[in-house]
Amino acid sequence: MSTKIQFKASGSETGKTILFLHGGGVAGWMWEPVVARLQDFHCLVPDMPEHGMSMDIAPFSIELAAGQAMELVRERAHGGKAVVVGLSEGAQVVVQMLSSVPDCIDRAVVSSAILLPMRGYGWLYSPRLMGAMFRMSIPPFRNNDWWMHLNMKYSAAIPEEYYPQYRANFQIMTEGQFVNLLSANQKFRMPANLGSVMVPTLVVAGMHEYKAMKESVRQLAAALPNAEARLINLGKGSSMRTEHNWAMNAPEQFAQMVRAFITGESLPGVLHSLD
């Protein structure tokens, strides 16, 4: 497999490489506030398959995204290895990479990777129902700025300054992409071979996130021999959505976490014990 996904590189020409994998339905731009704080590292930020500038690489799957990310690391990362950081669907891709290509990962940060069934979301296993949901919620509102602002704020917890990027992604989303992303996200489960993977891994999720998400953190950390688990608490006014997308809502703390995990320093105070 040759590298096809589009990516941006920034930062140090000699520092350790960090690969950032974004959540579903957005693109690499979601990492801008974190990457800006880590420019003493070599940062690689791709648009995953069927996202952003990589829209033509389809259909999206966790396995395809992991394979493309692996090729990018092997071709562009310093020394052919990287610290791999993923959020939401990007975090699921990191878990798949830990299973299939651990040799290209120096350390891993897994933020809010759902690995268990979500109670009450069984309908997401039906492509027909997912398609109907898309047709009702996306095409009628492609040019409705009020609706897009509302969806961006209350569904994705994306800060206002990123509205142009969000709007661009919203307007090009297809039914096939929508169905592929939801299907991949809801069907992904923890790989069976993680007990032999020795990559140091930090597994986190928001304190206000769904029970299945927090249990996924617990089970993943238990499966990996060299993992630690934490819960994110952004304090007063935080919510499930702001904690899930905390790379954009608390980029300073997110960047501090990544830096501390790489250097072995103490993790920031927003991260708490799972128990």
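Residues 378 to 652, numbered by my numbering, are exactly what the sequence shown covers, in order. Note that the Cβ used here is the ideal one computed from N, Cα and C, for glycine as well. Note that this is a predicted model, so its numbers are computed, not measured.
query: C420 - partner residues in DSSP beta bridges; result: S387 and I395
query: Stretch-stretch touch, CB-based, cutoff 8 Å, three pairs: the region 379–399 with the region 450–470; result: yes
query: Supposed contact pair Q473 and E440 - C-beta distance, whole angstroms, cut 8 Å; result: 6 Å
query: Buried versus exposed, by CB contacts within 10 Å (16 or more), Q656; result: Not covered by the structure: residue 656. The range shown for the chain is 378 to 652.
query: Reference K613, options E605, V647 and M625, closest by Cα; result: V647
query: Other residues of its chain near A435: CB distance less than 8 Å, five sequence neighbours each side excluded; result: P426, E427, G553, Q554 and N557
query: CA nearest to the CA of D433, picked from P541, S503, Q469 and I549; result: I549
query: Cα-Cα separation, P645 to L421; result: 23 Å
query: Cβ separation of L579 and R607, assumed to be a contact under 8 Å, to the nearest whole Å; result: 7 Å
query: Exposure label - G405; buried when at least 16 CB within 10 Å; result: buried
query: Option nearest P504 by Cα separation, candidates A561, A454, P423 and W524; result: A561
query: Proximal residues to M590 (C-beta, below 7 Å), its chain only, five neighbours per side dropped; result: S489, I491 and A582
query: From M584, A600, I639 and G641, residue whose alpha carbon lies closest to that of D652; result: M584
query: Spatially closest choice to A509 from L559, V478 and E538, by CA coordinates; result: L559
query: Where I549 falls: helix, strand or coil (DSSP); result: helix
query: Backbone secondary structure at R618 - three-state DSSP; result: helix
query: Presumed contact (8 Å Cβ cut-off) between V576 and P479, rounded CB distance; result: 5 Å
query: Residue interval of the alpha helix (DSSP H) (run including R505); result: P504 to S514
query: Whether N610 touches A534 by CB criterion (8 Å); result: no
query: Complete runs of the beta strand (DSSP E) confined to the region 409–477 [at least 3 residues]; result: 419–423 and 459–464
query: Cβ pair V460, K393 closer than 8 Å; result: yes
query: Same chain, Cβ closer than 8 Å to R512, neighbours up to 5 away in sequence not counted; result: E552
query: Start-to-end residues for the beta strand (DSSP E) that takes in V647; result: Where V647 is concerned, there is no enclosing beta strand (DSSP E), given that its DSSP letter is neither H nor E.
query: Cβ neighbour criterion (16 or more within 10 Å) applied to P423; result: buried
query: R595: first and last residue of the uninterrupted alpha helix (DSSP H) it sits in; result: K588 to A600
query: Backbone CA spacing between N546 and L415 [nearest angstrom]; result: 25 Å
query: Spatial neighbours of F565 in its chain, beta-carbon cut-off 6 Å, leaving aside the 5 residues before and after; result: I439 and Q469
query: Neighbour-count burial assignment, P628, 16 or more Cβ in a 10 Å radius; result: buried
query: Reference D417; option with closest CA among S514, E390 and P541; result: E390
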